[in-house]
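Each residue of the sequence shown is one higher than the last, beginning at 1 in the UniProt record's numbering. The block underneath contains the structure these notes are about, expressed in structure tokens.
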Amino acid sequence: MIPLSVVDAFTDTPFRGNPAAVCLLDSWPSNEWLQLVGREMNLAETAFLRHRPGGEYELRWFTPTVEVALCGHATLASAHVLWESGAATQDVLTFATNKSGILTARRLPSGEIELDFPAQPATPCATPAGLLESLGANAIAVARNESDYLVEVATEAEVRALTPDLTRLARIECRGVIVTAKSDDARYDFVSRFFAPQSGIDEDPVTGSAHCCLAVWWGNKLNKVEMTGYQASTRGGVVRVVRAGDRVKLIGRAITISRGQLLALPM
């Protein structure tokens, strides 16, 4: 039997933030089995962890349809599970990933978790055909990084009011689309939403990896190093960010919703 937890990340309130499943493995099963578990969990991400001799953890993330290169909320959830379960006692955890190198998670005295991720700056670009039409948005700026398009709009109200045509949006070649604006709320510097029908996620509730892009974008516009973002999905969640050269610190909280065991073992 394989330990399985569901954790709401980037929140301290149950049923808010972004839920992730976390599986602790003794060895790696087939990619097919991992993807089937991701499909069965039917969450934005399922994280799979394997402990390495020496203290590191190998980490992979699966949506219901694909394996992804980087995921913030499921990494936050993974660190939370390791500490809460007692599987790890050190205050800094090291995760080895296939496509994003070494990531770390630090347990802060405040109870928050700080992730150290690669920055993913976006460069202004030509607007691909159909992007704004599928979003129903008027853009101030459009930019692109290796994974996503970023669309800045004029107001927070526009971000919140979006009802994109997800079938059309899925035809845009990218992992997903970040839509963002400066926040009207003094508690936050910017707001965002993230749509990724290309990756099997119509709208991701809180996207840590998108904040590796947003931190650079808004840091440059606002001339700030430390900022707080609010992802304005139905569930909503808060991500504090700190720019650190070519890295971004993502800071948030997490809460366990359920614990159990996965009985469908690899064949």
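Note that beta-carbon positions come from the ideal geometry of N, C-alpha and C, so glycine has one too.
A straight-line Cα-Cα distance of about 22 Å links Arg168 and Glu67. For the 8 Å CB-CB criterion, His80 and Phe10 do not form a contact. Per DSSP, Asn138 lies in no beta strand (DSSP E) and is assigned neither H nor E.
The beta carbon of Ala137 lies closer than 7 Å to those of Val151, Val153, Glu158, Leu162, Val179 in the same chain, with the five residues before and after it left out. Apart from sequence neighbours up to five positions away, the residues of its chain that approach Leu166 with a beta-carbon distance below 6 Å are Pro197, Asp202, ordered along the chain.
For Gly55, the closest C-alpha among the options Met41, Glu40, Cys23, Asp91 is that of Asp91. Within the segment 112-189, the complete alpha helix (DSSP H) segments of 4 residues or longer fall at 131-135, 156-161, 166-169, listed in chain order. When only Cα atoms are considered, Phe15 and Asp8 end up about 7 Å apart.
Around the beta carbon of Trp28, fewer than 16 other beta carbons sit within 10 angstroms, so the residue counts as exposed.
Going by beta carbons, Val216 and Gly229 fall outside the 8 Å limit.
Annotation for Cys212: the continuous alpha helix (DSSP H) segment containing it runs 211-222. By the CB criterion at 8 Å, Asp204 and Arg175 fall outside the cutoff. Here DSSP, grouped into helix, strand and coil, assigns Asn98 to coil. Taking a cut-off of 8 Å on C-beta distances, the segment 120-127 does not touch the segment 181-198, as fewer than three cross pairs fall below it. Per DSSP, the continuous alpha helix (DSSP H) segment holding Gln35 begins and ends at 31-41. In terms of Cβ geometry, Leu25 and Leu43 do not form a close pair [threshold 8 Å].
Cβ neighbours of Pro64 within its own chain (closer than 6 Å, five residues either side excluded): Gly38, Arg39, Asn42, Gly200.
Ranked by Cα distance from Thr89, the first of Ile102, Asn98, Arg107 is Arg107.
If you draw a straight line from the Cα of Gln35 to the Cα of Ala170, it is about 20 Å long. Taking 8 Å as the cut-off, the beta carbon of Gln261 is found no closer than this to the beta carbon of Leu103. Cys125 counts as exposed, since fewer than 16 other beta carbons sit within 10 angstroms of its beta carbon.
DSSP places Trp61 in the uninterrupted beta strand (DSSP E) bounded by 57-62.
Counting only unbroken stretches of 3 or more residues, the beta strand (DSSP E) elements lying wholly within the segment 220-244 are 226-231, 237-244, in sequence order. Around the beta carbon of Asp189, a 10 Å sphere encloses 16 or more other beta carbons of the protein chains shown; the residue is thus reported as buried.
In this structure, Leu115 sits away from Leu263, with a CB-CB distance that is not shorter than 8 Å. Ala77: not part of any beta strand (DSSP E); member of the alpha helix (DSSP H) spanning 72-85, first to last residue. Closest option to Asn98, judged by alpha-carbon separation, among Ser78, Ala87, Ala21, Leu70: Leu70.
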